[in-house]
Each structure stands twice: as C-alpha cells, then as structure tokens.
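Participant: Whatever position you read off the sequence shown (first residue = 1), add 25 for the numbering used here.
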Amino acid sequence: MVRASDLTSSDGLVYGRKYSSVVPAKVTGEKVVRNLSNLDLAMKLHYLRGVYFFNRSAVEGLDIYKLKEPMFKWLEIFNVTSGRIRRDEESGRPFIRCNDGGVRIVEAQCDKTLDECIELMSRDGHSFDLYGSLVPNQVLGPDLHFSPLVFVQFTWFKCGGISVGLSWSHILGDAYSSSKFINAWAQVLAGNHPTKPILNPTAPNSPTKTAPAEPLSLKQVPSVGDHWVAPNPPNLRHLTLQITPTHLAHMTHALSSASNQEISPFEAISAIIWQCLGKIRAGSTCDPKFVTVIKNKSLERANATLGNTQSVSVVKGESYSEAGELAEVLVNEAVEETVMVGETVGRDKGVSDFVVYGANLTFVEAEEAEVYGLELNGHRPVFASYAVDGAGDKGVVVVLPGRESGGRVVSVLLPESEVSALKMELKKRWGIA
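1) Quick check on Y72: buried or exposed, where buried means 16 or more other Cβ atoms within 10 Å of its Cβ?
2) Measure the beta-carbon distance from E390 to F291 and round it to whole angstroms, keeping in mind my assumption that it falls under 8 Å.
3) Do F103 and V58 come within 9 Å of each other at the CB atom, strictly closer than that value?
4) Can you tell me which of I457, W181 and H404 puts its alpha carbon nearest to the alpha carbon of L214?
5) Tell me whether P173 is buried or exposed, calling it buried when 16 or more other Cβ atoms sit within 10 Å of its Cβ.
6) Which class does D140 belong to by DSSP, given the choice of helix, strand or coil?
7) Can you tell me whether DSSP reads D378 as helix, strand or coil?
8) Bridge partners of D414, per DSSP?
9) Could you check how far apart the C-beta atoms of G37 and W193 are, in whole angstroms? I think they sit under 8 Å.
10) How is the beta strand (DSSP E) around E390 delimited, first residue to last?
11) Between which two residues does the alpha helix (DSSP H) harbouring R454 extend?
12) Using a Cβ-Cβ cut-off of 6 Å (strictly less than) and excluding sequence neighbours within five positions of K341, which residues of its own chain qualify?
13) At which residues does the alpha helix (DSSP H) containing G367 begin and terminate?
14) Classify H218 as helix, strand or coil using the three-state DSSP reduction.
15) Roughly how many whole angstroms lie between the Cα atoms of D88 and V175?
16) Using the Cα positions of L197 and L331, report the straight-line distance between them to the nearest angstrom.
17) Using the Cβ count rule (16 or more neighbours within 10 Å means buried), how would you classify R454?
18) By Cβ distance, which residues of its chain are closer than 7 Å to T106, with the 5 residues on each side in sequence left out?
19) Using a 10 Å radius around the Cβ and a threshold of 16 neighbouring Cβ atoms, would you call A307 buried or exposed?
20) Using CA coordinates, which residue listed in D125, L92, P49 and S45 is at the minimum distance from E55?
Right, here's the structure in full:
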C-alpha cells in the first residue's frame, strides 16, 4: 500500500511521480514460499528507508529505461523480494509466497539541487519530510496479499544528479540485507552476476547471560490485523548527523580514557547520545533507564545474505551517568535477548504484533553495512543514509559508515520536541553540529 504522503509531497520538493512494476525475468512459481523466522516476524511492523545521492557524472548516459533494464535479472536472483505475504490457513502465521508480484518502481523530479537536499538532511524537523519525499513511505496492507515488499524510487534533481530511494520491509532482513540487495542491482547494471542469496538464516545463539522472564527489548502492541503499521504512531522526526574522523577519534579516546578500556566508535556514539537524551528526558516516563542494542552477527552474516540474523540485547544504566560510565555498561553489561524475543513472538505462531525499535531507546550497529557499495558508472554515492520507520516513541539511533574513511553517519529518529534539544546538547558537549 502507498500512503497519501507518497502521492503528494507535503513540502513540494518532489513532483511528477510515475509508478510502474518490475518482475523477475523467469517465472518462480506459486509453490515456492519463504517461511519467516520468529525474528523476522518480530520486525514485521518496521521498515528501512535508504537513500543514496549521486552526482551528475554518476548517471551520465543513464535514463530510467537503462536503470530498470537490469532489474528483471536482479529480481530473478532475489525472487523472494517480489513475493507477497500470505497466512497459513490453520495457524494464521505469515509467510512469503514467491509469486513474482514484483517490486514497485517510482520515478520523480525534484526542484532542488543534490547539495541542497543533502543540506536539508541535517536540519531540525525537515529531514523526515525529505525522507518521505525521496523514499516511498510504503507499508504492508491493508490489502496485504497485494502489497509490494520493496519500493525503489529514482528522483532526478535540477542539477542533473539523482537519488536512489529504497523502501524495504524489515521482515525481509536487516540493513545488511537491504544494502546487499540494492548493491546487487548496480552489479547487474555493470554487467556482473551477483551470487544468489541464501534465504534461511541460522538459528540465533543462546543468551550469554540469564535474561528476565519476558524480553525487555520487545513491546506487544494492539493487533493491527492485515495493516502492518504500528498503531498510533508518535510524531517522530528524523535527523542525520555526520561525524568526522577527527570528532570520532576525540570521542572514542575520551571515553576509553574515562572507562579505562577500549571503546568502539559505535559504543562511544551510543553512550554520548544516551547521556544527552537522559538529560533531556530526566524525570519523564521516557527517561532511558534501559536501552536496546541491535548488532550484526558477523559469523552468521556469511551464511545468509537476506534475513534478520542480528542480535538483540538490553542494557541497564542510570540516565544521569557520565558518558564514560554508559560506554562501560554498553561493553560489559549487555544481556542478549535474541532467543527470548523469538520464543515470545512464536508463542502464538507469529500472529501477535510487536515493536522492537523504539520500545526502548534503541541503538543499531550498522557500521559494516555496505551502504557505499552501490556504484553507478563506477561512482560511489556522495552521501547515503538509512532511517527506520514504524518505530516506538522511545527513539532509534542507527550508526552507519561515513563516506569519509573513519567517519560515521548517525541516523536518529526521535519525538519532534527532542530533535533540537539533542542537537544543542551534542554541540555544547562535543562540538557536533
């Protein structure tokens, strides 16, 4: 299903949308299905929105027909992404039928330059609307049997540059899966042949510590039926932060010294934002006493290109703690709940509805996702980012690689009232504008 915001841009930046569909080059057949894991189903109300910006030289000689031509072969390789959701007749458990329903393609125009749009990404209260303009705001349902799992949008800027927007149903896999998927399209475009993905991820590892009876990282929500969108979505805004290698080195050194142990860039960024939001939310019901940490499982990543193979952990920390202390508990006190999340979702065959992102303040490690592996005419994106949609109101922070070696892009989703306050805290404490 396409939301109304897809049809008319709220800010007027994007216009002239044209819709089409692309299907696999060869028929897959109605009998081919993908059974979804419990962790897949835990993510069914969540969506990933990726956007890649390319300058004019990257798309020289490429028009919409040449961009779409390799998609038929691409979708033959990744045929599950062209499928549609079905439910088991007896249990009601969702699965994907690989019926070649296709991926939805959007063509659009933008009256801004590429540089102007990238600059808008870091403005308070603007970038969420911009994301909704450059990436289809797709959700699954209410006509679940007909809803595409993936949308791709090509937006041409007045300077001749282009953005490639990817709307990805998280039920298919995490940010590592989505980036591998879109990168494979560019590989086919360049005349290469990507490896066919393995679709069934291995079982998650056992928890490293004894976890509580119910997972703290999972929140059950009222039933949404066949319209897979989190109920009563809060007024959230998206913010993109670009952290230079110099800033990042300063942050990791300061926190490593304060905690007397080596702190990774992901843990440093998470601890600093956790501290800032703890101050902003002090005394409120959203005070982040617990946070959720989602990380890539590198050993399992080699065995599955598409799937939700990430680990889900919770960490307890006092919101008034120093950033060094919070970094220390992130390193040493995480309690993995991946198995427990799967068991909880699987109790009723995956019929109940949950949110993971934003159930607590959620930090997502995506530093090794190949977001700059998408190349057009040999050119990497000048900028790329991912955002999470369908999250709870506690907020989501996704740490992505930066284009500049050693830097990071941080995609933040927060209640609208907290966006400006977070930027002020980060600038005051760490000089991050």
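For glycine and all other residues, C-beta sits at the position ideal for the given N, C-alpha and C.
Facilitator: Quick look at the numbers:
1) buried
2) 5 Å
3) no
4) H404
5) buried
6) helix
7) strand
8) Y72
9) Contact doesn't hold; Cβ gap of about 26 Å is too wide.
10) L386 to E390
11) E441 to W455
12) F315
13) T363 to G371
14) coil
15) 21 Å
16) 7 Å
17) exposed
18) L100, V128, L174, V175, L197 and F206
19) exposed
20) D125
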